[in-house]
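S.K.:
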Ligand SMILES: Nc1ncnc2c1ncn2[C@@H]1O[C@H](COP(=O)(O)OP(=O)(O)OP(=O)(O)O)[C@@H](O)[C@H]1O
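In the numbering used here, the protein residues as written are 2 to 258.
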């Protein structure tokens, strides 16, 4: 997939260690403006770690990361980036309302932390996009997993980011919420938002994905057209042999093994 101008995200030779063990072993990855790139791979292949190096939550042992053409260490434009973490601890008993959680994503865009009409409108718009406007005053602890995920996505969208980074947005999400999330993402992509997302399988997001990058054991083993889910090869525990467009040899991506 061709990229347009300077990449929005660029990783070059990125290495990272966790618990004294190498987890990323020289990752090269570029995401161009307006591109939608899926990061795929088996459990433990380093997908979450890769995106956490991008947002600065995991230190880089070697290599370089740039965001919007600026070295990550010098990057200050975090209001341009929306991040949806893996949904494990989110909410975790914190007594916050849906509107409060979403508003927290707007702070970087407010002037002096004061919420003006624009900011309140943005919170309402984001909640409407994910179909949660009628739950604004409810405690997040009263929500289902899928509704919770919709709130986290609204929080990422409320600052109107140019780049959206999401870690398994569909994991543990019911069908209704999956459809709403797919629709929300389509709206973002149509508006030109750049997207990097970790996925376990392409699923309902497949039509939106421009490129798939497959990790295995901390290395990129495929970077190109998304593997065809329709071929029925995305079975957990099996190597996925993907016939690369134009290549004569099939590429063993080890998608979910
Ligand atoms: N904080 C940590 N300390 C030590 N090791 C870690 C830590 N976080 C992750 N790891 C290890 O790093 C490797 C990659 O983990 P990572 O979460 O990036 O994988 P993943 O591809 O996102 O997997 P999953 O699909 O299960 O989310 C795994 O072997 C994991 O056990």
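Ideal placement from N, C-alpha and C gives every residue a C-beta, glycine not left out.
Check each residue's C-beta against every heavy atom of ligand 1 and list, in chain order, those closer than 6 Å.
M.R.: 19, 20, 24, 42, 44, 45, 46, 47, 48, 49, 50
S.K.: Taking residue 27 as the reference, which of 57, 158, 45, 61 has the closest Cα?
M.R.: 61
S.K.: Going by the DSSP bridge assignment, what does residue 10 pair with across the sheet?
M.R.: DSSP lists 32, 68 as partners of residue 10.
S.K.: With residue 25 and residue 199 assumed to form a contact (beta carbons below 8 Å), what rounded beta-carbon distance in angstroms separates them?
M.R.: The Cβ separation is near 14 Å, so there is no contact.
S.K.: Whose CA, out of 180, 204, 213, lies closest to the CA of residue 196?
M.R.: 213
S.K.: Where do the N-terminal and C-terminal ends of the alpha helix (DSSP H) with residue 212 fall, by residue?
M.R.: Premise fails: residue 212 lies in the beta strand (DSSP E), 212-217, not in any alpha helix (DSSP H).
S.K.: Give me the Cα-Cα distance between residue 235 and residue 202, rounded to the nearest whole angstrom.
M.R.: Because the pLDDT of residue 235 is 45, which lies under 50, any placement of that residue in the model is unreliable, and the question is left without a value.
S.K.: Below 8 Å, can you find three or more Cβ-Cβ pairs linking the region 97-110 to the region 126-136?
M.R.: yes
S.K.: Between 11, 36, 33, which has its C-alpha nearest residue 55's C-alpha?
M.R.: The residue with the shortest Cα to Cα distance from residue 55 is 11.
S.K.: Please determine if the region 44-58 and the region 7-22 are in contact, where contact requires at least 3 C-beta pairs separated by less than 8 Å.
M.R.: Because the criterion of three Cβ pairs below 8 Å is met, the region 44-58 and the region 7-22 touch.
S.K.: Quick check on DSSP: helix, strand or coil for residue 145?
M.R.: coil
S.K.: Under 6 Å Cβ to Cβ from residue 82, same chain only, skipping five residues before and after it: list those, please.
M.R.: Counting only Cβ-Cβ distances below 6 Å, and skipping sequence neighbours, we find 162, 164.
S.K.: Considering Cα atoms alone, identify which of 141, 30, 79, 130 is closest to residue 106.
M.R.: With distances taken between Cα atoms, residue 106 lies closest to 79.
S.K.: Can the beta-carbon of residue 187 be found less than 8 Å from the beta-carbon of residue 209?
M.R.: yes
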